[in-house]
Amino acid sequence: MQVMIMNLKKIYYTVLIVVIVLGFGYLGFDRYFRLPFDQEPVAPIANGQEEKESEFGKFNVLIMGLDGRQGVNDRADTIILASLDGENTKAQLLSIPRDTRVKIKGAWDKINAAYAYGGIELTSKTVSDFLDVEIDRYVVVNFNSLVKLVDEVGGIEVDVPVRMYVPLEGIDLQAGKQHLDGEQVLAYSRFRGTMEGDIGRVKRQQQVITLLLEEILRVQNFTQISQMIPIYKEDVDTDLTIKEMIALARIAPEIMENGIETQVLPGENKKIDGLWFWEPDMEE
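If you want it as structure tokens, here you go:
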């Protein structure tokens, strides 16, 4: 009986850690699950769509990452809609650019402002109205978790492509392959001073999450997993139930084997009334 309890705890704790990782980016990165951007956009589960009966079922999870730095307002830095299908062991992730132009309380604004105005409730409503989907669960992650998780696994090795130096943002990295701690990884993932700008930042975040996920999935020791739990308690807020997390843990290997479909909300950068927005193309 004690062994069974320990195994359930390990499953539960492992899922909590993976939930943290989910909150930082697309999850479908590089050689694992990444799809070319020219593929068909992912279609989230629509409002009113009947669910098939299964242990896990189908539902949509809104995943958000908050900046977490002192002096920075609580606008969502990362917004992802995850459509999970337990019966067919599939997952689809739609990344919504934080500058996406939407209506919030009847006025046009950037979608990441919804969290600052009304927290998870207003953000869920905004995304639901915008995409015409039902939001069943949410996961809100503070980026402080990234620093703590990287340090907990002993850091990760990153090949920094160029000299990165922005003293006002605490970014100071030399070019070349090196072992980075949590603060350095966070600085690396936030750097925008390349020709690719914000797209380059997204690619670096993808790279970091790939490396971090690899390290976390190597963790076999229950004690080490347990030591990561305070990170979840402090920096992650979710209404996923324990039953749902355990169900997710059971089907996770099949989901990974099937591949996780990812897509970025199609659109273009557009200047409106002096401000730059991501103008969505809902017909693409």
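Oh and the sequence shown: position 76 is 80 in the working numbering, straight run, nothing missing. Ideal Cβ positions, reconstructed from N, Cα and C, are used throughout, including at glycine.
Which residues share a DSSP beta bridge with M168?
L177.
With distance defined between alpha-carbon atoms, name the residue in I84, V151, K107, I259 nearest to R194.
Ranking I84, V151, K107, I259 by Cα distance to R194 puts V151 first.
Please name the residue in K247, V144, K181, K129 whose C-alpha comes closest to that of D239.
Comparing Cα-Cα distances from D239 to each of K247, V144, K181, K129, the minimum goes to V144.
From the DSSP output, in three-state form, read off D133 for me.
Residue state, collapsed to three classes: helix.
With burial defined as no fewer than 16 other Cβ atoms inside 10 Å of the residue's Cβ, what is the status of A86: buried or exposed?
So A86 counts as buried.
Is I15 helix, strand or coil when you go by DSSP?
Confidence in I15 is poor, its pLDDT being 40 and thus under 50, which makes the residue's placement unreliable; the coordinate value appears in the next sentence. I15 falls in the helix class under three-state DSSP.
Return the first residue and the last residue of the beta strand (DSSP E) that D155 is part of.
No beta strand (DSSP E) contains D155, which is instead part of the alpha helix (DSSP H) from 148-156.
Quick check on this structure: which residue in L97, G186, E125, A95 has the alpha carbon closest to the alpha carbon of D241?
Minimum Cα distance to D241 is reached at E125.
Tell whether a beta-carbon distance below 8 Å holds between V106 and T130.
In this structure, T130 lies closer than 8 Å to V106 by Cβ.
Please identify the residue among D136, E283, I83, E161 whose C-alpha is closest to the C-alpha of V189.
Of the candidates D136, E283, I83, E161, the one whose C-alpha sits nearest the C-alpha of V189 is E161.
Given a cut-off of 8 Å on the beta-carbon distance, is the pair D81 and L70 in contact?
Yes. Within cutoff.
In or out: G158 buried (at least 16 other Cβ within 10 Å) or exposed?
By the 10 Å Cβ count, G158 comes out exposed.
Output the distance between the C-alpha atoms of G90 and L177, rounded to the nearest integer angstrom.
Using only the alpha carbons, I get a separation of about 42 Å.
DSSP puts G69 in a beta bridge; with which residues?
BP columns for G69 point to T82, V145.
What does the alpha-carbon distance come out to for the pair N148 and Q182?
Rounded to the nearest angstrom, the two C-alpha atoms are 22 Å apart.
Does N92 have its Cβ less than 8 Å from a Cβ in chain C?
Absence of chain C from the displayed structure is noted, only one protein chain being present.
Candidates K109, P101, G110: which alpha carbon is nearest N116's?
The residue with the shortest Cα to Cα distance from N116 is P101.
Going by other Cβ atoms of all chains shown within 10 Å of its Cβ, with 16 needed for buried, is E44 buried or exposed?
Annotation note: pLDDT 38 at E44 (below 50); position unreliable, no value reported.
Quick check: the Cα distance between V25 and D155, rounded to an integer number of angstroms?
Residue placement at V25 is poorly supported in this model, since its pLDDT is 49, which falls under 50; the coordinates still yield a value, given next. So the alpha carbons of these two residues sit roughly 14 Å apart.
Where does R196 fall in DSSP's three states?
Of the three classes helix, strand and coil, the one that applies to R196 here is coil, per DSSP.
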